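In the order they appear, the protein sequences are chains S and G. The opening residue of the first sequence carries number 1 in this note's numbering; numbering runs sequentially from there. The opening residue of the second sequence carries number 331 in this note's numbering; numbering runs sequentially from there. Think of the CB as a built atom: it goes at the ideal place given N, C-alpha and C, for glycine as much as any other residue. Predicted, not measured: the structure shown is a model, and the values here were computed from it.
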Amino acid sequence: MYTQALNVKDEGPALVDAERDAAFQARIDRDEKIEPNDWMPEKYRRTLVRQISQHAHSEIVGMLPEGNWITRAPSLKRKAALLAKVQDEGGHGLYLYSAAETLGTSREELNDQLLTGKAKYSSIFNYPTLTWADIGMVGWLVDGAAIMNQIPLCRTSYGPYARAMIRICKEESFHQRQGYEIVMTLARGNADQKAMAQDALNRWWWPALMMFGPPDAESLHTDQNMAWRIKRFSNDDLRQKFVDATVPQGHHIGLEFPDKDLKFNEATGHWEFGAIDWSEFKRVLAGEGPCNRQRLAQRNKAHDEGAWVREAALAHAEKRAARRMMQAAE
Amino acid sequence: MTEKNWPLWEVFIRSRNGMAHRHVGSLHAVDATMALANARDTYTRRGEGLSVWVVPSNAITASDPAEKDMLFEPTASKIYRHPTFYEVPDEVGHM
Ligand SMILES: [Fe+2]
Ligand SMILES: [Fe+2]
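And the structure:
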């Protein structure tokens, strides 16, 4: 998911203060929210910084594959909607960085972790958006999968994170609906348009399922994160929810999913799906996805080329502040 | 070259007249003018507010959560501060 960081093993030192830890856990069990200046176990703080910043990085890097199509959107209406969506994703990144900063890590440090490749972002944004249909798929599937994960996070234990997630969730449903509408329009268009939609679904379906992270059996630290209410549902549960919600939406517009094992189980009421190629997921996470290098290079280029703007703005503000001081002294 | 960082600001928004400004998050900006512009772009893309305040984060003095018991002792011990503490006969009606 946008928070695949939770599946990474925490190697840092765990300073344990059994008494305070127990009191802290009791607060969480009572469904109390933890606020920035409250005492918290170091590991809780570290896990949250990693999770929230990875989520923020995903929103920011996620702007690249879609921003790619703003100038080529097929109509003014689609262009305005895509522009608004990409701007929202930037906003989501900013809400989340602001939440992460309340835990005592600076924006610059977080940004640096992204630019140097030390921090991860969601695997999904390392896939290319080759056609206009991909923009529809990203909205429908990628934002759709993100919503599945983000709704339970509105009730996460860390106050600033939960509040950021509430704002984000309010904005996400437009993203998914505009994506589905794009796909639907193509699926109901001429043969070429329909083929374009089907091709995009074939390429995005499996990576979208991988967004939820490795199967529960292989997911590290799930128990602790569940107990802290940082994570509220398991990877496999969320993935199943997503499949159940999405398959009928695809069938409704006449698309086929690229999975010969996909079938509805009358007894359980769930859609059963085939095996996921986790070796692909591991390759993408390790930096070997189709676009990893390009994404990081683009972020670094934007950051470097913006350096003079950041410096000039600061110099201008300092000059104005100095002038105000002079005038006040006269 | 080490870049100097932009200061942090806290953002407060009044959602509509009659409501108080409420804290919504923070952002970075070089000065108050830019902080207001950034707050508008970041926190009010869907008519969330009619008025924005921005305050340098380091200008806020906060109480220490560890002292909350001392500061905010439960009103349980001062029940005479609540209207229900006082007896008024039913016949007198609503008061
Ligand atoms: Fe988002
Ligand atoms: Fe989105």
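Query	Result
Best match in S:Trp-132, S:Asn-225, S:Lys-85 and S:Asp-134 for proximity to Tyr-375 (chain G) [C-alpha to C-alpha]	Checking the sequence, you will find Arg at residue 375 (chain G) rather than Tyr. That would be S:Lys-85, whose Cα lies nearest to the Cα of Arg-375 (chain G).
Per-residue burial, Arg-320 (chain S) [other beta carbons within 10 Å of its own, 16 or more giving buried]	exposed
Sheet register partners of Ser-356 (chain G) (DSSP bridge)	G:Glu-340
Beta-bridge partners of Trp-383 (chain G), as assigned by DSSP	G:Phe-342
Asn-68 (chain S), DSSP secondary structure in three states	coil
His-351 (chain G) (DSSP reduced to helix, strand or coil)	coil
Within-7 angstroms CB hit, Val-360 (chain G) to chain S	yes
Touch test, the segment 304–324 of chain S against the segment 338–348 of chain G, Cβ-Cβ under 8 angstroms, three pairs minimum	no
Three-state secondary structure assigned by DSSP to Glu-403 (chain G)	coil
Assigned secondary structure, Glu-417 (chain G) (DSSP; H/G/I helix, E/B strand, else coil)	coil
Nonlocal neighbours in the same chain, by C-beta distance under 8 angstroms from Glu-421 (chain G), ignoring five residues either side	none
Nearest to Ile-28 (chain S) (by Cα), restricted to the options S:Leu-83, S:Asn-225, S:Ile-253 and S:Ser-234	S:Asn-225
For Leu-338 (chain G), the nearest candidate out of G:Glu-403, G:Asp-399, G:His-358 and G:Ser-381 (CA to CA)	G:His-358
One or two residues paired with Glu-272 (chain S) in a DSSP bridge	S:Lys-263
Collapsed DSSP secondary structure at Tyr-158 (chain S) in the structure displayed	strand
Range of the contiguous alpha helix (DSSP H) that encloses Thr-222 (chain S)	222–227
Residue nearest to Val-382 (chain G) in terms of C-alpha spacing, selected from G:Thr-363, G:Lys-398 and G:Thr-391	G:Thr-363
Ile-135 (chain S), DSSP secondary structure in three states	helix
Boundaries (first-last residue) of the alpha helix (DSSP H) holding Val-243 (chain S)	235–252
Contacting residues, own chain, Cβ-Cβ under 8 angstroms from Val-418 (chain G) (five flanking each side not counted)	Met-425
Proximity test, Cβ basis, 7 angstroms: Ala-56 (chain S) and chain G	no
His-92 (chain S): CB within 6 angstroms of a non-hydrogen atom of ligand 1	yes
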